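J.: Numbered per this note's numbering, the sequence shown spans residues 37 to 350. C-beta atoms are modelled at their ideal positions from N, C-alpha and C, and glycine is treated no differently. Source: prediction; values computed, not measured.
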Amino acid sequence: MDEVIWVEVLSRHRHVVSRHRCAGPEIRIGRAYDNDVILDDPYVAPEHVRIARGGDGVLAAVDLGSANGLHADHGGSRATRLALGDDTVFRVGNTWLRVRTADHPVAAERVFAAQQRLWPLILGAASGVFAVAASVLWIGTYSEPRAADYIVPLLGLAVAIAVWTSAWAAVSRLFIGQARFEQHLLITLAGVLGLEAWYELSDLGAFGFSWNALVVYRFVGLWALVALVALVHLRQINPARVPLEAAVVAALLAIAVTVQTATEFDGRSSLDQFYVRRLLPPALRLTRVEDEASFFAAVTKLQDQLDRDRAAEP
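Structure below.
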């Protein structure tokens, strides 16, 4: 009885797209209709590759003289013959293939578990996001409050969250066939909460401890949080390539921080000129209060410097 071998067609993320049951001393793969496995790939030859056991009893794929050749999974060089194990992946044209024998072990079936309910978490996170945003708007309002002062910014925030989430859901649907909108929405809301928290904490730190750098370089933390959120989105789409995704996100983060730093320096002679824009209650001031003598000494020194600058030739 001929040996039964399964040929699996894989996606670029190594997910199984289709399986073909083949029996016989050899298997032929190509675009022609007399093959055991027919691939609708214009870069595959009509008779592209033959799979059979060699004299050593090992399954091997042999190129049949195709124009584009036979390539190993992570190797760019062309091969005329590849030894095949149960987990060996190889490429013909633009198609990824894997060969497995009928006795290949498979994992036990998964047990049905209660479906994870994300909407309660989503509603909680959304409530937190808009509660914080509304509180910040209320604190920053110094005139008679109007409904438009709250509705327009909150509506803009909702639109931004919807657009960001929809974009990631579309990418997810394109690459893995599942939108996973709820997961991406939860990631987005968590990221927005983190951004709001960092913005407020940097203001508190700058005011309470006189740490000017927290406000001057706040954009570094903001960009870092955006990069982290993007990485979590990418991990949701393809968890198998997190190191590569992290490297790409880190490179983009470095570019964004460099460009904004250059822009900030170009707009002002020194970033140190920028300081806290929002005054907070004196109870939040945690640094030592400067005594009167030191304060007026600093004012006198500043006045002397201004007088010298005023008298200098332009």
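Please return the same chain residues whose Cβ sits closer than 6 angstroms to the Cβ of Ala59, not counting the five positions on each side in sequence.
T.: Position 23 of the sequence shown, counting from 1, holds the residue named residue 59. Excluding positions up to five away in sequence, the list reads Asp38 and Val40.
J.: Do Arg50 and Val168 have their beta-carbon atoms positioned less than 8 angstroms apart in this structure?
T.: What you label residue 168 is simply residue 132 of the sequence shown in a count that begins at 1. What you label residue 50 is simply residue 14 of the sequence shown in a count that begins at 1. Taking 8 angstroms as the Cβ cut-off, Val168 and Arg50 do not qualify as a contacting pair.
J.: On the CB-based measure, 16 or more other CB atoms within 10 Å of its CB, does Trp132 come out buried or exposed?
T.: Along the sequence shown, one-based indexing puts residue 132 at 96. Flag for Trp132 reads buried.
J.: Leaving out five residues before and five after Val207 in sequence, what residues of the same chain have Cβ atoms less than 7 angstroms from its Cβ?
T.: Counted from its first residue, the sequence shown places residue 207 at position 171. Answer for Val207: Ile273, listed in chain order.
J.: Just how far apart, CA to CA, sit Gly164 and Arg86?
T.: Here residue 164 refers to the residue found at position 128 when the sequence shown is read from its first residue. Here residue 86 refers to the residue found at position 50 when the sequence shown is read from its first residue. Approximately 60 angstroms, taken between the alpha carbons.
J.: Mark Gln214 as exposed unless 16 or more other C-beta atoms lie within 10 angstroms of its C-beta, in which case mark it buried.
T.: Within the sequence shown, residue 214 is the residue found at index 178, counting from 1. Under this definition Gln214 is an exposed residue.
J.: By DSSP's criteria, Trp132 is part of a beta bridge. Which residues make up the other side?
T.: By 1-based counting over the sequence shown, the position of residue 132 is 96. DSSP lists Leu46 and Arg127 as partners of Trp132.
J.: Assign Gln219 to one of two classes, buried (16 or more other C-beta atoms within 10 Å of its C-beta) or exposed (fewer than that).
T.: The residue labelled residue 219 in the question sits at position 183 within the sequence shown. Gln219 is buried by the Cβ-count criterion.
J.: Using the rule of at least 16 other Cβ atoms within 10 Å of the residue's Cβ for burial, across every protein chain shown, is Gly176 buried or exposed?
T.: Position 140 of the sequence shown holds residue 176. With fewer than 16 other Cβ atoms within 10 Å, it is exposed.
J.: From which residue to which residue does the beta strand (DSSP E) around Arg89 run?
T.: The residue you call residue 89 lines up with position 53 of the sequence shown. Taken as a continuous stretch (DSSP letters only), the beta strand (DSSP E) holding Arg89 covers Val85 to Arg89.
J.: State buried or exposed for Thr201, treating a residue as buried only when at least 16 other CB atoms are found within 10 Å of its CB.
T.: Numbered from its first residue, the sequence shown carries residue 201 at position 165. Its Cβ being crowded by 16 or more others within 10 Å, Thr201 is buried.
J.: Can you tell me the Cβ-Cβ gap for Leu320 and Leu240, rounded? I've got them flagged as a contact below 8 angstroms.
T.: Position 284 of the sequence shown, counting from 1, holds the residue named residue 320. Position 204 of the sequence shown, counting from 1, holds the residue named residue 240. Contact flag correct, Cβ pair sits at about 6 angstroms.
J.: If I measure Cβ to Cβ from Leu289 and keep anything under 7 angstroms in the same chain, skipping five residues before and after, which residues do I get?
T.: Residue 289 sits at position 253 when you count from the first residue of the sequence shown. The answer, listed in chain order, is Trp259, Ala260 and Ala263.
J.: Report, in whole angstroms, the separation of the C-beta atoms of Leu267 and Val285, which I expect to be a contact under 8 angstroms.
T.: Residue numbering aside, residue 267 sits at position 231 when the sequence shown is read from its first letter. Residue numbering aside, residue 285 sits at position 249 when the sequence shown is read from its first letter. Contact flag correct, Cβ pair sits at about 5 angstroms.
J.: Out of Val98, Ala68, Ala203 and Val135, which one is the CA nearest neighbour of His269?
T.: Walking along the sequence shown from the start, residue 269 turns up at place 233. The option with the nearest alpha carbon to His269 is Ala203.
J.: Just list the residues that DSSP pairs Arg271 with in beta bridges.
T.: Here residue 271 refers to the residue found at position 235 of the sequence shown. In the DSSP output, where bridge partners are listed per residue, Arg271 has none listed.
J.: Could you please give the first and the last residue of the uninterrupted alpha helix (DSSP H) stretch that includes Asp70?
T.: Within the sequence shown, numbered from 1, the residue matching residue 70 stands at position 34. No alpha helix (DSSP H) contains Asp70, which DSSP labels as neither H nor E.
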